[in-house]
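Number of protein chains: 2
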Amino acid sequence: MDVQLKRGLLDVCVLAAIKSEDSYGYKIIKDMKPYMELSESTLYTILKRLEGAEMLTVRTAAHDGRLRKYYRITAAGCRRIEEFKSEWAEMMSIYQFVSREGDEHA
Amino acid sequence: MDVQLKRGLLDVCVLAAIKSEDSYGYKIIKDMKPYMELSESTLYTILKRLEGAEMLTVRTAAHDGRLRKYYRITAAGCRRIEEFKSEWAEMMSIYQFVSREGDEHA
DNA sequence: GTGTAATACATCGTATCACGAGGTATTAGA
DNA sequence: TCTAATACCTCGTGATACGATGTATTACAC
Chain A
1 MDVQLKRGLL
11 DVCVLAAIKS
21 EDSYGYKIIK
31 DMKPYMELSE
41 STLYTILKRL
51 EGAEMLTVRT
61 AAHDGRLRKY
71 YRITAAGCRR
81 IEEFKSEWAE
91 MMSIYQFVSR
101 EGDEHA
Chain B
107 MDVQLKRGLL
117 DVCVLAAIKS
127 EDSYGYKIIK
137 DMKPYMELSE
147 STLYTILKRL
157 EGAEMLTVRT
167 AAHDGRLRKY
177 YRITAAGCRR
187 IEEFKSEWAE
197 MMSIYQFVSR
207 EGDEHA
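In order, the protein sequence lines correspond to chains A and B.
Per the numbering used here, the very first residue in the first sequence carries number 1; after that it's consecutive.
Per the numbering used here, the very first residue in the second sequence carries number 107; after that it's consecutive.
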């Protein structure tokens, strides 16, 4: 998928991936894989950014001797998802503009 | 609309705006306004990029003593639009992922 | 028991890109 | 005569996705 097209979805996808249950880096990537692939470096950049924006909180916990950082969505994070859903209507109208201009000839 | 979300649409919107009829900078902005606002600096950057990618060709013509640069879409540009339409299916599945995770609780 | 893959985290540098600020020049109308 | 609209352009900045690279542990095959 085109990098530019992914840009607006990445943040919100990561939020969606931790919405119903706290999750950690490696698992987020695996859960998102069927929908969108992203590299570790990209994910950790995003997690840092979302933490800075207080859209999620972090908690470190040991698991089988390895440390895991569990991420939990905040109210602001949930609001971000809702905001995205509203923006989707705009996206649809833009898609229709492109689709229409691409098919018909005025 | 969120800047990041716009990113993947801008190129293809500009192509759509010149698809059915050759157009020029100022007109493209006005035609796109109902769907998406973009500044002149953004548009000219995009037009340069699309020209470099051979997705459009340029022709300069005088109009009322002023010079206008008319842009015409190429076959590659049309292909880009078709490609976008395919990618839209992926976008929809991502939207549904976000939407689902945001609404229900597993 | 040694090697390899998977798990799990992190940083740095680079390339891409949207956009504001600023610039030039002409025409139309108040 | 001044302002707004038309029409083009450039430069610098900030945001950001991602590859490359590094560290450490666990699991499993040979």
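From the three backbone atoms N, C-alpha and C, an ideal C-beta is built for every residue, glycine too.
Hey, how far is the Cα of residue i from the Cα of residue j?
| i | j | result |
| --- | --- | --- |
| Y70/A | V58/A | 6 Å |
| E207/B | E37/A | 18 Å |
| W88/A | G171/B | 43 Å |
| S86/A | A168/B | 43 Å |
| V14/A | R174/B | 45 Å |
| S99/A | T60/A | 47 Å |
| I28/A | G183/B | 36 Å |
| K125/B | R178/B | 7 Å |
| I187/B | G25/A | 35 Å |
| L156/B | V12/A | 29 Å |
| A17/A | Y141/B | 30 Å |
| D137/B | F97/A | 11 Å |
Around the Cβ of residue i, are there at least 16 other Cβ atoms within 10 angstroms (buried) or fewer (exposed)?
| i | result |
| --- | --- |
| K154/B | exposed |
| M161/B | buried |
| R79/A | exposed |
| M92/A | exposed |
| K139/B | exposed |
When you compare the CB of residue i with every CB in chain B, is at least one pair closer than 8 Å?
| i | result |
| --- | --- |
| R7/A | yes |
| A76/A | no |
| L43/A | no |
| D22/A | no |
| D2/A | yes |
| A89/A | no |
| A16/A | yes |
| E101/A | yes |
| I81/A | yes |
| V58/A | no |
| K33/A | no |
So the alpha helix (DSSP H) residue i belongs to, where does it begin and stop?
| i | result |
| --- | --- |
| Y26/A | 25-32 |
| S145/B | Run containing S145/B: none; DSSP gives neither H nor E here. |
Quick check: is the beta carbon of residue i nearer than 8 Å to any beta carbon in chain A?
| i | result |
| --- | --- |
| E143/B | no |
| E146/B | no |
| I200/B | yes |
| I152/B | no |
| K133/B | no |
| K191/B | yes |
Taking 7 Å as the cut-off, is the CB of residue i close to at least one heavy atom of the ligand FAD?
| i | result |
| --- | --- |
| H169/B | Looking at this structure, you won't find the ligand FAD or any other ligand, since it has none at all. |
I need the boundaries of the beta strand (DSSP E) containing residue i, first residue and last residue.
| i | result |
| --- | --- |
| A122/B | Element bounds for A122/B: not the beta strand (DSSP E) but the alpha helix (DSSP H), 109-125. |
| T162/B | The amino acid at residue 162/B is misidentified as Thr; the sequence shows Leu. Counting along the chain, the beta strand (DSSP E) containing L162/B begins and ends at 162-169. |
| L173/B | 172-179 |
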